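One structure is given here, and the rest of the page talks about it.
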Amino acid sequence: MTLLRANLGAFISPWGICKPEVALETLLRRLKMSKLKPQQKLFVLRTHLLPKLTHTLVMHPMLVGLLDRLDRAVRKFLCGKSGILHLPASTPKAFYYAPVKDGGLGLMEFRTTIPALIVRRFDKMNDSPCLAVRAASGNTANMNRIRLAQKFIRRDELGNPVVDCVQIRSYHSEKLHRSFDGKPLMRASEVPSVHSWVADGKLMMTGQAFCESLNIRINALPTLARFLRGQTGRKECRAGCNAVESLQHVLQVCPRTHGPRIMRHDKVANCIVNNLKQRGYQVLEQPRIRTSEGLRKPDIIAIKNAEATVVDVLIGGSDDPNTAHRSKVTYYQGNQDITVFLRQEYEVERVHFGATVITPQGLLARKSAKTLEQLGLSKSVWKTLVVRALEHTTYIWHVFNKSTAMSWRRRRNKYSQ
Ligand SMILES: [Zn+2]
196 MTLLRANLGA FISPWGICKP EVALETLLRR LKMSKLKPQQ KLFVLRTHLL
246 PKLTHTLVMH PMLVGLLDRL DRAVRKFLCG KSGILHLPAS TPKAFYYAPV
296 KDGGLGLMEF RTTIPALIVR RFDKMNDSPC LAVRAASGNT ANMNRIRLAQ
346 KFIRRDELGN PVVDCVQIRS YHSEKLHRSF DGKPLMRASE VPSVHSWVAD
396 GKLMMTGQAF CESLNIRINA LPTLARFLRG QTGRKECRAG CNAVESLQHV
446 LQVCPRTHGP RIMRHDKVAN CIVNNLKQRG YQVLEQPRIR TSEGLRKPDI
496 IAIKNAEATV VDVLIGGSDD PNTAHRSKVT YYQGNQDITV FLRQEYEVER
546 VHFGATVITP QGLLARKSAK TLEQLGLSKS VWKTLVVRAL EHTTYIWHVF
596 NKSTAMSWRR RRNKYSQ
């Protein structure tokens, strides 16, 4: 069925005017049946399909129930077993609507956007220099539309109406960062460029890895802590580590995933090394430096033009990646023997200390971005590092689920009984 958008605020099909719900349903069904990858479908939804409905809904009679139904249809298209992203139904709504740079998917919520657009557009008619436009703005239907839009406009925490684009964005971001699952994304906007993989529709990873990366981002993978939230039941890790089986535990702490965690760290470090070599650096990988405080093995030392930069890589630091960055830098900077070693062995004049900290949710620490920038690595390289880290994080999740390895303590208790 071919749908045409008319200027009067209605969808016209070959069989006549069709309701916005039917129009949206048809467009979503077509998109779902297409042979595109999930990231491409999300791109089409965000940049073409939802904006296509905006004008119609602004011109349509203001119906809050209709807007809610349309938003629900879009979320249903994304989540659940048959949804394109396989997100659980309990995903915080703000995750769908928060801007990409703040950790969300950057979709438009009709319930928030349409009343705001009506207020902005039709209020302007009252101030028009054209007499006919001013006369039209005063008719009953128009006054009624503006009154309803003002009544149902969203309000922020302080009770202020959410009218312009900036207010709509911060309204959704604040909601996301206040939610339990969205809290680790609070610092996402410090390095916004690394999140473009969510929305650009490029095939940087497989469709499955893309969906699982989004699930990791919003803490939606079915760990026992997530699955039994608000219920009583055994939440202890299935690998027997005497800890709650949260996503943080599985991805960062559990002994069952120790091997793939090392592999993830090495893959990201190798990616940095390859890029540094392409830019003409002499690179030392995990050099063993004997110091008065013991053996030190920084991941990377990059040398060029008599200057050396010590870089350590960490995939972690969910609470505050900048704190993790500082502790990494302090660990090596406080040891003078490393500077002496580099001056004697490689005749460098200046030594810099930095780190690359990427959280399991795919956030790059602000200070780490500065380190990479000083080394001459571009923003596209930062994004590649984040995508590689996320890809391997999804692999860690698979290893955890498929493995039957138990922690040594659990095994010892089992056999001593
Ligand atoms: Zn465990």
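According to the numbering used here, the sequence shown is numbered sequentially starting from 196. For every residue, glycine included, the Cβ atom is placed at its ideal position computed from N, Cα and C. Treat the numbers as computed from the prediction; the structure is a model and nothing was measured.
{"query": "Which listed residue (Pro324, Thr307, Cys406, Gly571) has its alpha carbon closest to that of Ser277", "result": "Cys406"}
{"query": "Completely contained alpha helix (DSSP H) runs for the stretch 526-588, where each covers 4 or more residues", "result": "531-541, 561-569"}
{"query": "7 Å Cβ shell around Ile313 - same chain, five flanking residues per side excluded", "result": "Val253, Met257, Arg340, Ile341, Ala344"}
{"query": "For Pro192, three-class secondary structure by DSSP", "result": "There is simply no residue 192 to check, as the chain begins at 196 and stops at 612 in what is shown."}
{"query": "Cutoff 7 Å; reference Pro356; Cβ partners in own chain excluding five residues on either side", "result": "Ile348, Arg350"}
{"query": "Limits of the unbroken beta strand (DSSP E) element including Ala497", "result": "495-499"}
{"query": "Closer than 7 Å: Arg451 CB and nearest ligand 1 heavy atom", "result": "yes"}
{"query": "Nearest neighbour of Trp392, chosen from Pro233, Arg561, Asn596, Ala464 [CA to CA]", "result": "Pro233"}
{"query": "CB contact flag (Leu222, Pro287, <8 Å)", "result": "no"}
{"query": "Beta carbon of His587 nearer than 8 Å to that of Arg459", "result": "yes"}
{"query": "heavy atom of ligand 1 below 7 Å from Ala344 C-beta", "result": "no"}
{"query": "Sub-8 Å separation of Ile510 and Val445 beta-carbons", "result": "no"}
{"query": "Own chain partners of Arg561 with C-beta closer than 7 Å, once the 5 adjacent residues on each side are dropped", "result": "Glu385, Val386, Asn517"}
{"query": "Near ligand 1: Ala434 beta-carbon under 7 Å from a heavy atom", "result": "yes"}
{"query": "DSSP beta-bridge partners of Pro450", "result": "Beta-bridge pairing links Pro450 to no other residue."}
{"query": "Under 8 Å between C-beta atoms of Ile467 and Ile484", "result": "no"}
{"query": "First through last residue of the beta strand (DSSP E) which encompasses Val253", "result": "Unbroken run through Val253 is the alpha helix (DSSP H), 245-254; no beta strand (DSSP E)."}
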